[in-house]
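I have placed the structure first, in the form of structure tokens, so that the comments after it can refer back to it.
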Amino acid sequence: MASYWKQLFALGTVSMLMTACQTIDTIQLKKLTDSAVNSSDALIYCSGTHDCNFERMDDIKIINAEKRHVESEALKLKLVRLQAKSLKEPNPVYLSVPAGQHELVVRFYPISPDKAEVLHVFQNFQAKHKYTFKMYRQRSTRNTSLLQASAPDPLCVDLLQNTKIIRRFCKPYNVETGIAEFVEQKI
Numbered sequence: 002m003a004s005y006w007k008q009l010f011a012l013g014t015v016s017m018l019m020t021a022c023q024t025i026d027t028i029q030l031k032k033l034t035d036s037a038v039n040s041s042d043a044l045i046y047c048s049g050t051h052d053c054n055f056e057r058m059d060d061i062k063i064i065n066a067e068k069r070h071v072e073s074e075a076l077k078l079k080l081v082r083l084q085a086k087s088l089k090e091p092n093p094v095y096l097s098v099p100a101g102q103h104e105l106v107v108r109f110y111p112i113s114p115d116k117a118e119v120l121h122v123f124q125n126f127q128a129k130h131k132y133t134f135k136m137y138r139q140r141s142t143r144n145t146s147l148l149q150a151s152a153p154d155p156l157c158v159d160l161l162q163n164t165k166i167i168r169r170f171c172k173p174y175n176v177e178t179g180i181a182e183f184v185e186q187k188i
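Counting in this note's numbering, the sequence shown runs from 2 upward without gaps.
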């Protein structure tokens with residue numbers, strides 16, 4: 002019986018610590034969000050799925066892919082801003098980054114919180130612009146073989162600058178291998 006209580010206590014302690022980390026991150030992000038955004042920054046959002054987050058910009062880790070908490074370096078550099086009331090809400094954060102060429106790694110969770118679709122992008126972000134990575138499924142109506150028809154429709158991500166689509170990446174499903182990568186398409 003003592004073993005049961007020890008396990009229950011340990012589980013409760015771990016749960017409290019995880020909640021505390023989320024709360025601390027939320028409090029720190031609220032302070033950053035309340036501060037003024039640098040006018041020479043670009044704002045970067047993601048949408049289209051229940052959850053998406055920014056794993057990395059250049060060499061700076063932003064949100065830990067496994068634990069899903071904001072990295073301290075990203076907080077120190079004031080890259081992450083809160084657009085929701087807490088980190089538990091869908092798509093809770095956006096980025097405020099210096100203008101210029103950056104490599105950005107965006108993680109989308111279109112089906113479940115356990116399986117991420119990862120997009121790596123090099124983009125020249127311009128100051129005073131809002132960028133949105135918007136994921137969707139490209140529905141097709143073409144007639145095809147039964148094997149091709151059984152494959153899921155391709156996942157696509159549009160990169161919008163303000164309201165204009167400037168780039169599109171799609172991940173067609175390969176029926177034979179089951180493997181696919183995001184490929185940039187012409188708009």
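C-beta: ideal position from N, C-alpha, C; glycine also.
These figures come from a predicted structure and were not determined experimentally.
> Of the residues Asp159, Glu177, Asp59, which one's Cα is nearest the Cα of Gln186?
Replying inline: For the purposes of this step, residue 186 is identified with residue 185 of the sequence shown, where counting begins at 1. The shortest C-alpha separation from Gln186 is found at Asp159.
> If you run the structure through DSSP and keep just helix, strand and coil, what is Lys77?
Replying inline: Start at 1 with the first residue of the sequence shown, and residue 77 comes out as number 76. Three-state DSSP puts Lys77 in a helix.
>> In this structure, how does DSSP classify Phe170 when only helix, strand and coil are distinguished?
In response: Within the sequence shown, the letter at position 169 stands for residue 170. It is a strand residue.
>> Contact between the stretch 117 to 131 and the stretch 98 to 107 is defined here as three or more beta-carbon pairs at a separation below 8 angstroms; is this criterion met?
In response: yes
> Which runs of the beta strand (DSSP E) fall wholly inside the stretch 38 to 118 and span at least 3 residues, in chain order?
Replying inline: 42 to 48, 52 to 58, 81 to 83, 94 to 99, 101 to 113
> Which residues in the same chain as Asp52 place their Cβ atom closer than 7 angstroms to its Cβ, once the five residues preceding and following it in sequence are excluded?
Replying inline: Looking up residue 52 in the sequence shown gives position 51. Within the same chain, Asp52 has close Cβ partners Pro91, Asn92, Tyr110, Pro114.
> When the Cα atoms are used, what is the spatial distance from Thr50 to Met136?
Replying inline: In the sequence shown, the residue the question calls residue 50 occupies position 49. In the sequence shown, the residue the question calls residue 136 occupies position 135. If you take the alpha carbons of Thr50 and Met136, they lie about 6 angstroms apart.
> Residues in its own chain within less than 6 angstroms of Asn175 by CB, not counting five upstream and five downstream?
Replying inline: Stepping through the sequence shown from its first residue, residue 175 is reached at position 174. For Asn175, where only same-chain residues beyond five positions count, the Cβ hits under 6 angstroms are Ala181.
>> Using the three-state DSSP reduction, which class does Glu177 fall into: helix, strand or coil?
In response: Locating residue 177 in the sequence shown gives position 176, counting from the first residue. It is coil, neither helix nor strand.
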